[in-house]
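Novice: Following this message is one structure expressed as structure tokens.
Protein chains: 2
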Amino acid sequence: MTVPYGTMKFLQRAGFDLSLQNVENRTMLDQKVKLDKDARREAILDVASEIFYEEGFDAASMSSIAQRLGGSKGTLYNYFKSKEDLVEAFVQRHCAVHQSEIEGLLLADKGHYRDSLLSWGRKYARITTREKTQRNFRLITSIAERWPDVARLFYQAGPLKGAERMVEFLKKAEAAGEFKFDDVELATHQFIALCQNRHLKARFMNYGEPPSEAQIDAEVTSAVKVFYAAYGV
Amino acid sequence: MTVPYGTMKFLQRAGFDLSLQNVENRTMLDQKVKLDKDARREAILDVASEIFYEEGFDAASMSSIAQRLGGSKGTLYNYFKSKEDLVEAFVQRHCAVHQSEIEGLLLADKGHYRDSLLSWGRKYARITTREKTQRNFRLITSIAERWPDVARLFYQAGPLKGAERMVEFLKKAEAAGEFKFDDVELATHQFIALCQNRHLKARFMNYGEPPSEAQIDAEVTSAVKVFYAAYGV
DNA sequence: AAACAACCGTACGGTACGGTCATTTTTCTT
DNA sequence: AAGAAAAATGACCGTACCGTACGGTTGTTT
Numbered sequence: 001m002t003v004p005y006g007t008m009k010f011l012q013r014a015g016f017d018l019s020l021q022n023v024e025n026r027t028m029l030d031q032k033v034k035l036d037k038d039a040r041r042e043a044i045l046d047v048a049s050e051i052f053y054e055e056g057f058d059a060a061s062m063s064s065i066a067q068r069l070g071g072s073k074g075t076l077y078n079y080f081k082s083k084e085d086l087v088e089a090f091v092q093r094h095c096a097v098h099q100s101e102i103e104g105l106l107l108a109d110k111g112h113y114r115d116s117l118l119s120w121g122r123k124y125a126r127i128t129t130r131e132k133t134q135r136n137f138r139l140i141t142s143i144a145e146r147w148p149d150v151a152r153l154f155y156q157a158g159p160l161k162g163a164e165r166m167v168e169f170l171k172k173a174e175a176a177g178e179f180k181f182d183d184v185e186l187a188t189h190q191f192i193a194l195c196q197n198r199h200l201k202a203r204f205m206n207y208g209e210p211p212s213e214a215q216i217d218a219e220v221t222s223a224v225k226v227f228y229a230a231y232g233v
Numbered sequence: 001m002t003v004p005y006g007t008m009k010f011l012q013r014a015g016f017d018l019s020l021q022n023v024e025n026r027t028m029l030d031q032k033v034k035l036d037k038d039a040r041r042e043a044i045l046d047v048a049s050e051i052f053y054e055e056g057f058d059a060a061s062m063s064s065i066a067q068r069l070g071g072s073k074g075t076l077y078n079y080f081k082s083k084e085d086l087v088e089a090f091v092q093r094h095c096a097v098h099q100s101e102i103e104g105l106l107l108a109d110k111g112h113y114r115d116s117l118l119s120w121g122r123k124y125a126r127i128t129t130r131e132k133t134q135r136n137f138r139l140i141t142s143i144a145e146r147w148p149d150v151a152r153l154f155y156q157a158g159p160l161k162g163a164e165r166m167v168e169f170l171k172k173a174e175a176a177g178e179f180k181f182d183d184v185e186l187a188t189h190q191f192i193a194l195c196q197n198r199h200l201k202a203r204f205m206n207y208g209e210p211p212s213e214a215q216i217d218a219e220v221t222s223a224v225k226v227f228y229a230a231y232g233v
């Protein structure tokens, strides 16, 4: 009992190495079929994403997506109702991934404030200046005027979530006597600004090389220093 | 001796109120004709810009541009060789405008450092968070991957120019004993970051309302305060 | 008056698009 | 093995685009 030949062939054409095992009973088989349909859908999304990044949503065509996938255009419509449906799926997926990444950045419950800021700031700056995030950012904002809710969603999934998490952390730090803020939210955005603005902008507009780990470290080290000079007790 | 009727009619359709005066001699007439051709070209660019903002470069069509202009598609090709030529003209124009704006921000030669930073920071933040700049920003970055040089050009015209100007100012201020920097360039980018990052990002992704004058003032006032806390002597 | 320039509205060639569907191929069930 | 169901294909459709061409109109210049 194996994966359908057509499905296997389809996924291999798309560059997927699926070492799917045989399944013994019916419950697992049902589960299996479900996974395969999702896998096919994800495969299409992966390839579509790449073409969207390169050409933008409008100039990307269903034909070129199918071609790169190594399948037939008609098959795409088994998985997505329309090109617009594909674009929406792209947006949803990348908002979810971005949110998950930002929420996954850990901040200590208490103590080690300086180290926590350094660590968080570095990770945050790395995520936001990384090529993949930049590409998503460019795509999402390119439709900001046509689909304003989409861009807003992306902001809420990433930047807003990150800021909220930092606000909570800084409130606790202030209560513990580490800082003194007039406006903790403003201070939060200032810290984030110090960590990301320079490289974020430059990357966004293709200026210079991507920042090295050392460059990000230096940027965030100085950000923490400035932050303590301004708000440290 | 008046403007050609066809030109007048064309410009009126495009919403231009051109109260062009009669011209008495030939030199002025030659000058006049030159201006009119430019005016026509600018009129097309204005309308094309608006459609580019709304729909993006790819989805904007020459037909819709001509329609909104109230002219004929064929006439567009008297002024621009192709759609791509029109896009390039858009990019050049807005890089030039942006650069001109940034370079027009005055910084005192000496003295009044705090006031100068406040004044410059407010104006800079207003420019970069203003809807018009945001729209340009979105369009330029939407083609960053396809036309990497274009996005770089825009960065060099705006953000880089702004930072260079500020670096010069801060060097003088340091020499005058106002600040002490380990890295004047880093400090420059930190100041700019503190002034713009929060509202720039939010505007870019349609989150919340455009910042009021009061909000920008508050943001920049705090930025200067933080900056002095970190680097002031 | 004739020639020229600017512009319009219409039409066209060539290409490409998103989406559809009849047919073929593959898998599953009996 | 036969037949049904599912998956995939490739041809096709109607529409739209870019860029060009053309006949006609209007205004300007010679």
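Listed in order, the protein sequences are those of chains A and B. For the first sequence, our numbering assigns the number 1 to the initial residue and increments by one for each residue that follows. For the second sequence, our numbering assigns the number 1 to the initial residue and increments by one for each residue that follows. Using N, Cα and C, we set each Cβ at its ideal position, and we do this for glycine too.
#1: Would you verify that the beta carbon of residue 109 of chain B is, or is not, closer than 8 Å to some beta carbon of chain A?
#2: For the region 123-135 of chain A, which residues have a CB atom closer than 9 Å to at least one CB atom of chain B, in sequence order?
#3: For residue 99 of chain A, which residues of its own chain have a beta-carbon under 8 Å away from its beta-carbon, when the five flanking residues on both sides are left out?
#4: Let me check understanding here. Comparing Cα to Cα, which of B:174, B:191 and B:46 lies closest to residue 222 of chain B?
#5: Could you say if the region 90-109 of chain B and the region 62-76 of chain B meet the contact criterion of at least three C-beta pairs nearer than 8 Å?
#6: Can you tell me whether DSSP reads residue 181 of chain B as helix, strand or coil?
#7: Looking at residue 144 of chain A: is its Cβ nearer than 8 Å to the Cβ of residue 138 of chain B?
#8: Alpha carbon to alpha carbon, how far is residue 167 of chain B from residue 169 of chain A? Give it in angstroms, no decimals.
#9: Would you identify the three-state DSSP class for residue 104 of chain B, choosing helix, strand or coil?
#10: Strictly by DSSP, which residues pair up with residue 232 of chain A?
#11: Can you list, in chain order, the residues of its chain with a C-beta nearer than 8 Å to that of residue 181 of chain B? Leave out the 5 residues immediately preceding and following it.
#12: Against chain B, does residue 181 of chain A count as a neighbour if the rule is that its beta carbon must be under 8 Å from one of theirs?
#13: Name the residue from B:176, B:147, B:96 and B:214 whose alpha carbon lies nearest to the alpha carbon of residue 204 of chain A.
#14: What do you get for residue 78 of chain A, buried or exposed, if any count of 16 or more other CB atoms within 10 angstroms of its CB means buried?
#15: For my contact list, residue 62 of chain A and residue 83 of chain A are in at a C-beta cut-off of 8 Å; report their separation, rounded to the angstrom.
#16: Quick check: is the beta carbon of residue 224 of chain B nearer than 8 Å to any beta carbon in chain A?
#17: For residue 233 of chain A and residue 178 of chain A, what's the separation of their Cα atoms in angstroms?
#18: Starting from residue 189 of chain A, find everything on chain B with Cβ-Cβ shorter than 8 Å and list it in chain order.
#19: Leaving out five residues on either side along the sequence, give the residues of the same chain with a beta carbon under 7 Å from the beta carbon of residue 131 of chain A.
#20: Please tell me whether residue 142 of chain B has its Cβ less than 8 Å away from any Cβ of chain A.
#21: Compute the beta-carbon to beta-carbon distance between residue 196 of chain A and residue 125 of chain A, rounded to the nearest angstrom, for a pair I have assumed lies under 8 Å.
#22: Among the residues of its own chain, which have a CB less than 8 Å from the CB of residue 129 of chain B, if the five just before and after it don't count?
#23: With distance defined between alpha-carbon atoms, name the residue in A:121, A:110 and A:135 nearest to residue 213 of chain A.
#24: Could you confirm whether any beta carbon from chain B is found closer than 8 Å to the beta carbon of residue 192 of chain A?
#25: Which class does residue 253 of chain B belong to by DSSP, given the choice of helix, strand or coil?
#26: Do you know offhand how far residue 107 of chain B's Cα is from residue 48 of chain B's?
#27: So that I know if they touch, is there some Cβ in chain B lying closer than 8 Å to that of residue 171 of chain A?
#28: Would you tell me roughly how many angstroms separate the C-alpha atoms of residue 189 of chain A and residue 208 of chain B, rounded to the nearest one?
#29: Just to confirm, is the Cβ distance from residue 226 of chain B to residue 226 of chain A under 8 Å?
#30: Tell me which same chain residues have a C-beta within less than 7 Å of the C-beta of residue 41 of chain A, skipping the five on either side of it?
Specialist: On the basis of the coordinates in this document:
#1: Residue 109 of chain B is outside the set of residues whose beta carbon lies under 8 Å from a beta carbon in chain A.
#2: Answer set for the region 123-135 of chain A: 134 and 135.
#3: Taken in chain order, the residues that qualify are 157, 158 and 161.
#4: Residue B:191 is the option with its Cα nearest to residue 222 of chain B.
#5: Contact between the region 90-109 of chain B and the region 62-76 of chain B is not established, with fewer than three Cβ pairs separated by less than 8 Å.
#6: In the structure shown, residue 181 of chain B adopts coil according to DSSP, grouped into three states.
#7: Contact: yes.
#8: If you draw a straight line from the Cα of residue 169 of chain A to the Cα of residue 167 of chain B, it comes to about 33 Å.
#9: Note: residue 104 of chain B maps to coil in three-state DSSP.
#10: DSSP output for residue 232 of chain A lists A:179 as bridge partner(s).
#11: Correct list, in chain order: 170, 174, 187 and 231.
#12: Residue-level contact check: residue 181 of chain A does not touch chain B, since none of the beta carbons of chain B fall below 8 Å from its beta carbon.
#13: Ranked by Cα distance from residue 204 of chain A, the options B:176, B:147, B:96 and B:214 are led by B:147.
#14: Of the other Cβ atoms in all chains shown, fewer than 16 fall within 10 Å of the Cβ of residue 78 of chain A; this residue is therefore exposed.
#15: The beta-carbon separation of residue 62 of chain A and residue 83 of chain A, rounded to 6 Å, stays under the 8 Å limit for a contact.
#16: Chain A contact via Cβ: absent.
#17: Here the alpha carbons of residue 178 of chain A and residue 233 of chain A stand approximately 6 Å from one another.
#18: In chain order: 197 and 198.
#19: For residue 131 of chain A, the CB contacts under 7 Å within the same chain, skipping 5 residues up- and downstream, are 210 in chain order.
#20: Chain A contact via Cβ: present.
#21: The Cβ separation is near 5 Å, so the contact holds.
#22: Within its own chain, the residues whose Cβ lies closer than 8 Å to the Cβ of residue 129 of chain B, once the five positions on either side in sequence are excluded, are 196, 199, 200, 203, 210, 211 and 216, listed in chain order.
#23: The shortest C-alpha separation from residue 213 of chain A is found at A:121.
#24: The beta-carbon of residue 192 of chain A is placed less than 8 Å from the nearest beta-carbon of chain B.
#25: One cannot answer for residue 253 of chain B here, as it falls past the ends of chain B, which runs 1 to 233.
#26: Taking the straight line joining both Cα atoms gives about 35 Å.
#27: Not an interface residue.
#28: Those two C-alpha atoms are separated by around 15 Å.
#29: Annotated as proximal: residue 226 of chain B and residue 226 of chain A, with beta-carbon spacing under 8 Å.
#30: Cβ within range, chain order: 79.
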